[in-house]
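Numbering (full-length UniProt numbering), first residue to last: 6 to 285.
C-beta: ideal position from N, C-alpha, C; glycine also.
Data block below; observations after.
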Ligand code: PMP
């Protein structure tokens, strides 16, 4: 792996961050995670555009998308990375601790490139979800590093033997702690609307467009626990995990407890898109 901090490539564990840093002390920062296939970043521009939206939404001066693109490619090149993930983070900067924005601080820009084996395993049994009240703030469309509620929900789900936490707010299903959620019912691929209450996942958007391009009906609509009870299929999505089938939510067995045909189709379409965009 390799890292970057404010202009220099460094080692991931180099001590470059001052203790008084706003990302660290306030979660005053935004981030992205991008996946690399075959030496190429998948949906890079979509991720960088979302980083722009996140930055603007917290009153952080917009990053230069072209410079970030260049940086991402430099790191891939440096590592000769074939497969892996890239983490980008922009914070409001280093400053003596004080809630209001510092006047003279400059943003900290950091990145980490991590090589992996490139095998994203899809559990063929499907995974279990555990539902929890969504205890996050009201602006979850911003990809900020204020992730404590997400971390706690994920840990609680794990301690119950579940793969992810399904977050419920005002009786509506929102998303998981780090993944979006889809329900298939009577052939319609449904997912909660991307309002301010969820992160509009890049994988979510890709799944919606691939599904509709291939003749499946899609719907961005409010979903509740009742939709879980009658679901034919459920799956969850993210950049790093791609698409993961769900066969149980709390005590409900989904469909017949086996992988659904729509999941298998959409999963295949996704893999084909990766090959189309990044090469074999
Ligand atoms: N929701 C949340 C809360 C997330 O943290 C993530 C992944 N970071 C996602 C959804 C999935 O987003 P993407 O497909 O862009 O990785």
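#### Entry: Euclidean distance between Cα positions of residue 194 and residue 227
As a first step, residue 194 must be located in the chain shown, where it is residue number 189. As a first step, residue 227 must be located in the chain shown, where it is residue number 222. C-alpha separation (whole angstroms): 13 angstroms.
### Within 9 angstroms, strictly: CB atoms of residue 91 and residue 38
In the chain shown, counting from the first residue as 1, residue 91 sits at position 86. In the chain shown, counting from the first residue as 1, residue 38 sits at position 33. Yes; because the gap between Cβ atoms is below 9 angstroms, this pair is in contact.
### Query
In whole angstroms, what separates the C-alpha of residue 84 from that of residue 40?
Working through the chain shown from its first residue, we reach residue 84 at position 79. Working through the chain shown from its first residue, we reach residue 40 at position 35. Looking at the two C-alpha atoms, the distance is approximately 14 angstroms.
### Task
Kindly indicate which three-state DSSP category residue 3 falls into: helix, strand or coil?
Missing from the structure shown is residue 3; the chain here goes from 6 to 285 and no further.
### Query
Which residues does DSSP pair with residue 115 in a beta bridge?
As a first step, residue 115 must be located in the chain shown, where it is residue number 110. Bridge partners of residue 115: 10 and 94.
### Query
What is the residue span of the alpha helix (DSSP H) that residue 281 lies within?
Taking the first residue of the chain shown as position 1, residue 281 is located at position 276. Element bounds for residue 281: 266-283.
### Task
Pull up the distance between the alpha-carbon of residue 202 and that of residue 31, whole angstroms please.
Residue 202 sits at position 197 when you count from the first residue of the chain shown. Residue 31 sits at position 26 when you count from the first residue of the chain shown. Answer to the nearest angstrom: the Cα atoms are 21 angstroms apart.
### Task
Over the uninterrupted alpha helix (DSSP H) stretch that includes residue 153, give me the two end residues.
Working through the chain shown from its first residue, we reach residue 153 at position 148. Unbroken alpha helix (DSSP H) run through residue 153: 153-164.
### Query
Quick one: Cα of residue 263 to Cα of residue 122, how far?
In the chain shown, counting from the first residue as 1, residue 263 sits at position 258. In the chain shown, counting from the first residue as 1, residue 122 sits at position 117. Each residue's alpha carbon lies about 27 angstroms from the other.
### Query
Near residue 6, what residues of its chain come up, given a Cβ to Cβ distance below 7 angstroms and the 5 sequence neighbours on each side ignored?
Residue 6 sits at position 1 when you count from the first residue of the chain shown. For residue 6, where only same-chain residues beyond five positions count, the Cβ hits under 7 angstroms are 17, 117, 118, 119 and 120.
### Whole-angstrom distance between residue 135 and residue 196, CA atom to CA atom
Residue numbering aside, residue 196 sits at position 191 when the chain shown is read from its first letter. Residue numbering aside, residue 135 sits at position 130 when the chain shown is read from its first letter. Taking the straight line from one Cα to the other gives about 18 angstroms.
### Message
Let me confirm a value: residue 170 is counted as buried when at least 16 other C-beta atoms fall within 10 Å, else exposed. Which label applies?
### Response
Stepping through the chain shown from its first residue, residue 170 is reached at position 165. Buried, since its Cβ has 16 or more Cβ neighbours within 10 Å.
### Message
Spatial neighbours of residue 158 within its chain, please: C-beta separation below 6 angstroms, excluding the five flanking residues on both sides.
### Response
Residue numbering aside, residue 158 sits at position 153 when the chain shown is read from its first letter. Excluding residues within five positions, the ones whose Cβ falls inside 6 angstroms are 137, 170 and 182.
### Task
Alpha carbon to alpha carbon, how far is residue 105 from residue 282? Give it in angstroms, no decimals.
As a working mapping, residue 282 is identified with position 277 in the chain shown. As a working mapping, residue 105 is identified with position 100 in the chain shown. Near 43 angstroms, if we compare the C-alpha coordinates of residue 105 and residue 282.
### Message
Rounded to the nearest angstrom, what separates residue 156 and residue 128 at their Cα positions?
### Response
Looking up residue 156 in the chain shown gives position 151. Looking up residue 128 in the chain shown gives position 123. Each residue's Cα considered, the two are about 22 angstroms apart.
### Task
State the beta-bridge partners of residue 248 as determined by DSSP.
The residue given as residue 248 occupies position 243 in the chain shown. Its beta-bridge partners are 242.
### Residues of its chain near residue 244, where Cβ-Cβ distance is below 7 angstroms and the 5 sequence neighbours each way are ignored
Looking up residue 244 in the chain shown gives position 239. Correct list, in chain order: 38, 39, 40, 207 and 208.
#### Entry: Short Cβ contact (9 angstroms threshold) for residue 53 with residue 74
To locate residue 53, count along the chain shown from 1; it is residue 48. To locate residue 74, count along the chain shown from 1; it is residue 69. Closer than 9 angstroms, so yes.
### Among 240, 225 and 212, the one whose alpha carbon lies nearest that of residue 277
What you label residue 277 is simply residue 272 of the chain shown in a count that begins at 1. That would be 212, whose Cα lies nearest to the Cα of residue 277.
### Message
Suppose contacts are defined by Cβ-Cβ distances below 9 angstroms. Is residue 44 in contact with residue 81 by that definition?
### Response
Locating residue 44 in the chain shown gives position 39, counting from the first residue. Locating residue 81 in the chain shown gives position 76, counting from the first residue. Yes, these two residues count as a Cβ contact at 9 angstroms.
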